[in-house]
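Structure first, commentary second.
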Amino acid sequence: MDLVHLRYFRAIAEVGNLTAAAKQLGVAQSTLTAAVKRLEEHLDSTLLLRNSRGVTVTPTGQVLASSACEILGMVDELEERIRGLEREDVGEFLIGCHESLGAYYLPAFMRAFLEACPNIEIRVWNGTSSDVHQAVVDRRIHFGLIVNPLPHGELVMVEAFRDAVALVARADGLARPGSREEIEARLRAGPLIYAARVNQCQQIVDTMRGLDLLPPRLLTTGDLELTKTLTLAGLGVGILPRRVADYGHEGELVVVHP
Numbered sequence: 000m001d002l003v004h005l006r007y008f009r010a011i012a013e014v015g016n017l018t019a020a021a022k023q024l025g026v027a028q029s030t031l032t033a034a035v036k037r038l039e040e041h042l043d044s045t046l047l048l049r050n051s052r053g054v055t056v057t058p059t060g061q062v063l064a065s066s067a068c069e070i071l072g073m074v075d076e077l078e079e080r081i082r083g084l085e086r087e088d089v090g091e092f093l094i095g096c097h098e099s100l101g102a103y104y105l106p107a108f109m110r111a112f113l114e115a116c117p118n119i120e121i122r123v124w125n126g127t128s129s130d131v132h133q134a135v136v137d138r139r140i141h142f143g144l145i146v147n148p149l150p151h152g153e154l155v156m157v158e159a160f161r162d163a164v165a166l167v168a169r170a171d172g173l174a175r176p177g178s179r180e181e182i183e184a185r186l187r188a189g190p191l192i193y194a195a196r197v198n199q200c201q202q203i204v205d206t207m208r209g210l211d212l213l214p215p216r217l218l219t220t221g222d223l224e225l226t227k228t229l230t231l232a233g234l235g236v237g238i239l240p241r242r243v244a245d246y247g248h249e250g251e252l253v254v255v256h257p
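Residue numbers (numbering that gives the first Met the number 0): 0 to 257.
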């Protein structure tokens, strides 16, 4: 079925007159007559009946006209979308990151990105840095925000920021000034608060164990935000990225220097 013939028939059905439809479309009336004839032959149906005022659309023709409006609307929308792919930024991107990492670093980025590219949709995929790294390699997601990435021949890596995971505590509490012996004693007294799923936190725990600084009580959490909240409450020393520790509470949590 020819889309041009459908457009012609839709116009005829809307105005109810071949002459008026031909004028509206900018074609000869004979062209419309031929188009309707081809449609009727193709569908083996009567679509129009002539009368003194013009034409009457048959019940079958009304069904075709209604369907033609839907089909042609979809075609017009598709054409516009395809043309838009060459003229502007459109599409969808899937960004992967750890929940805690995304909570602190994605808001500013996404706000600026969506303002600059309003026709691009962004979805967030959550996982550990290792999971995100592999998901990008496997092409399951488009981009990943991860810490300490391992080089990979198929990936392009761009440094977004520099940060360090450190031991932090309230400035007026466990991180208050003192001698090395006093601070080490505070660390051993514990508790030590950290997100068990974050590899960098576990590395610090292993280092503290090797230096005989690990307290008997370890308080593990599911994410960095809970670690931060408990540390701010003065429950113990937390293991946090410095940017996370400062976000929204600048100066309240400081690095503990044994």
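Note that CB positions come from ideal geometry on N, CA and C, so glycine has one too.
Is there contact here, the segment 119-130 with the segment 200-216, by at least three beta-carbon pairs under 8 Å? no
Would you mind listing the beta strand (DSSP E) stretches within the segment 59-106 that are 3+ residues and don't spill past its ends, in chain order? 90-96
Quick one: using the 10 Å Cβ neighbour count with 16 as the cut-off for buried, is P176 buried or exposed? exposed
Beta bridge counterpart(s) of V253 as assigned by DSSP: A168
Enclosing alpha helix (DSSP H) for T206 [first to last residue]: 198-209
Decide if the segment 52-72 is in contact with the segment 101-120; the criterion is three or more beta carbon pairs, one per stretch, under 8 Å apart. no
Return the chain-ordered list of same chain residues with a C-beta closer than 7 Å to the C-beta of T18, the five sequence neighbours on each side being excluded. Q28
Secondary structure of Y246, DSSP reduced to three states: coil
With three or more beta-carbon pairs closer than 8 Å as the criterion, would you say the segment 33-41 touches the segment 5-14? yes
With R122 as the anchor, note down where its beta strand (DSSP E) starts and where it stops. 119-125
What first and last residue would you give for the alpha helix (DSSP H) that runs through V35? 28-42
Does the distance from the C-beta atom of G189 to that of G235 stay below 7 Å? yes
Can you check DSSP and say which residues form a bridge with I192? L218, G237
Would D111 be called buried (16 or more neighbouring beta carbons within 10 Å of its own) or exposed? Here residue 111 is Ala; the residue named in the question, Asp, does not match the sequence. Exposed is the call here.
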